[in-house]
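*Asks:*
Residue numbers (the working numbering): 602 to 1023.
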């Protein structure tokens, strides 16, 4: 038989005070658990709802520069998009198709108008006739000037001859060789010759003025006829429709070889070298925006800046159309009617008490916010001011450093106090 080891065991007594320490530890743990339970129960009883913090977005109220802006949608449009019209009743022969790329001066269409062609031929004939009349009048003017000058010269010769006869009579009058009556006749002849010479000279001057006036009148008629001919030639030249700018054919409004009346739209030409942005601005922002306002345009692959260059005077479907012109060179790769977004920079307010914008702004008209204190979201009256895309101004009800729930309050059901679980 094998003996066990019981004869070798010895009883060891517990150290004095060990049971007392164990009781103290157990009592302290119980106190902590009771305090935690009381805190949880107090918090639960002091709130109407309990929401997990992961479902909320909380932001802190601070100070900074509030940039008032408006986020709007828009599209790329051509700044220059001329529509070409038929100048008169004509038959149209199209030389291009929709979507074709053209250069300035390229022939886009040719119009046939027999009426304009006949009118041009009539004006050309009339101009040639008037030009011949002017040439004839120049010859006649020179002829009349020569005749008038001849009469004046003849009168002058007669005056000189009469003067010489009188001088001969004067030389022999004292000797009694010439009768007195003959001497008087010689003096009368001189006076008469002087008068005729004077009148002939004045008549020659008047004749020169007259022929010059008639020639000038004919030249005026020629100028008028030249202007009429130029207008007829211009109307005929307009029958050849040319591209006013570089671009591409947007739309064709008529069919080939069709007869169209005057002022009928033929086609639209789009100039892609000069693009602008057409924005759809909500009516609520119209009072705050104006021409020259800065804008940031996001076209997908980048961002650029521009200025508001035009604003529509009418409201359509609660929106107003505005045009933004790019600062400097326009971005590459833009296409007609490409959709994009833009931010209109309305105003800057420095040193402003503000908070991150969220759905709480639209909730209850922005009159209340839930301020977070010790894990409890407390419904607090507030007063909001200016808003931007990313921030909102606080005018009352909050102070710097407060934390408020900016998103996720739709589950609070307007409760006065909501517990936030971590």
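Cβ atoms here follow ideal geometry from the backbone N, Cα and C, with glycine treated the same way.
Write down the C-beta distance between residue 892 and residue 931 rounded to the nearest angstrom, noting that I regard them as a contact closer than 8 angstroms.
*Replies:* The Cβ separation is near 19 angstroms, so there is no contact.
*Asks:* Does the beta-carbon distance from residue 885 to residue 961 come in below 8 angstroms?
*Replies:* Contact flag unset, no.
*Asks:* Is the beta carbon of residue 873 less than 8 angstroms from the beta carbon of residue 686?
*Replies:* no
*Asks:* Please state the DSSP three-state secondary structure of residue 792.
*Replies:* In this structure, residue 792 counts as helix in the three-state DSSP scheme.
*Asks:* Can you give me the Cβ contacts of residue 820 inside the same chain, cut-off strictly under 7 angstroms, excluding the 5 residues immediately before and after it?
*Replies:* 735
*Asks:* Answer with buried or exposed for residue 771, where buried requires no fewer than 16 other C-beta atoms within 10 angstroms of its C-beta.
*Replies:* exposed
*Asks:* Please report the straight-line C-alpha distance between residue 927 and residue 694, rounded to a whole angstrom.
*Replies:* 38 angstroms
*Asks:* Since residue 987 and residue 667 are thought to touch, with beta carbons under 8 angstroms apart, how far apart are those beta carbons, to the nearest angstrom?
*Replies:* 6 angstroms
*Asks:* Suppose contacts are defined by Cβ-Cβ distances below 8 angstroms. Is residue 843 in contact with residue 707 by that definition?
*Replies:* yes
*Asks:* Inspect the beta-carbon positions of residue 921 and residue 882 and report whether they are closer than 8 angstroms.
*Replies:* yes
*Asks:* Who pairs with residue 674 in a beta bridge, going by DSSP?
*Replies:* 881, 942
*Asks:* Please report the Cβ distance between residue 651 and residue 964, rounded to the nearest whole angstrom; I am assuming they are in contact, meaning their Cβ atoms lie under 8 angstroms.
*Replies:* In fact, because the Cβ distance is near 20 angstroms, the residues do not count as touching under 8 angstroms.
*Asks:* Could you tell me the distance, in whole angstroms, from the CA atom of residue 910 to the CA atom of residue 946?
*Replies:* Rounded to whole angstroms, residue 910 and residue 946 show a C-alpha spacing of 14 angstroms.
*Asks:* Going by alpha carbons, who is nearest to residue 725 out of 716, 754, 809, 827?
*Replies:* 827
*Asks:* Within the chosen definition, does the stretch 714–723 reach the stretch 785–800 through at least 3 CB pairs nearer than 8 angstroms?
*Replies:* no
*Asks:* By Cβ distance below 6 angstroms, which residues in the same chain neighbour residue 1046 in space, the five residues on each side in sequence not counted?
*Replies:* Past the edges of the chain, shown from 602 to 1023, lies residue 1046, and the structure says nothing about it.
*Asks:* Would you grab the beta carbon distance between residue 1018 and residue 979 for me? Rounded to a whole angstrom, and I think it's under 8 angstroms.
*Replies:* 6 angstroms
*Asks:* So residue 925 packs on residue 896, CB below 8 angstroms; how close in whole Å?
*Replies:* Yes, they are in contact, since the Cβ atoms of residue 925 and residue 896 sit about 5 angstroms apart, within 8 angstroms.
*Asks:* So, at 8 angstroms on beta carbons, what are the nonlocal neighbours of residue 704 in its own chain, with the 5 sequence-adjacent residues on each side left out?
*Replies:* 844, 847
*Asks:* Alpha carbons only, please: which of 806, 711, 682 is nearest the one belonging to residue 692?
*Replies:* Comparing Cα positions, the closest option is 711.
*Asks:* Can you give me the C-alpha to C-alpha distance between residue 731 and residue 813, rounded to a whole angstrom?
*Replies:* 17 angstroms
*Asks:* Cα separation between residue 676 and residue 669?
*Replies:* Each residue's CA atom was taken as its position, placing residue 676 and residue 669 some 22 angstroms apart.
*Asks:* Look at the alpha carbon of residue 713 and the alpha carbon of residue 805, and state the distance between them as a whole number of angstroms.
*Replies:* 56 angstroms
*Asks:* What are the partner residues of residue 745, as DSSP defines its beta bridges?
*Replies:* None; residue 745 has no bridge partner.
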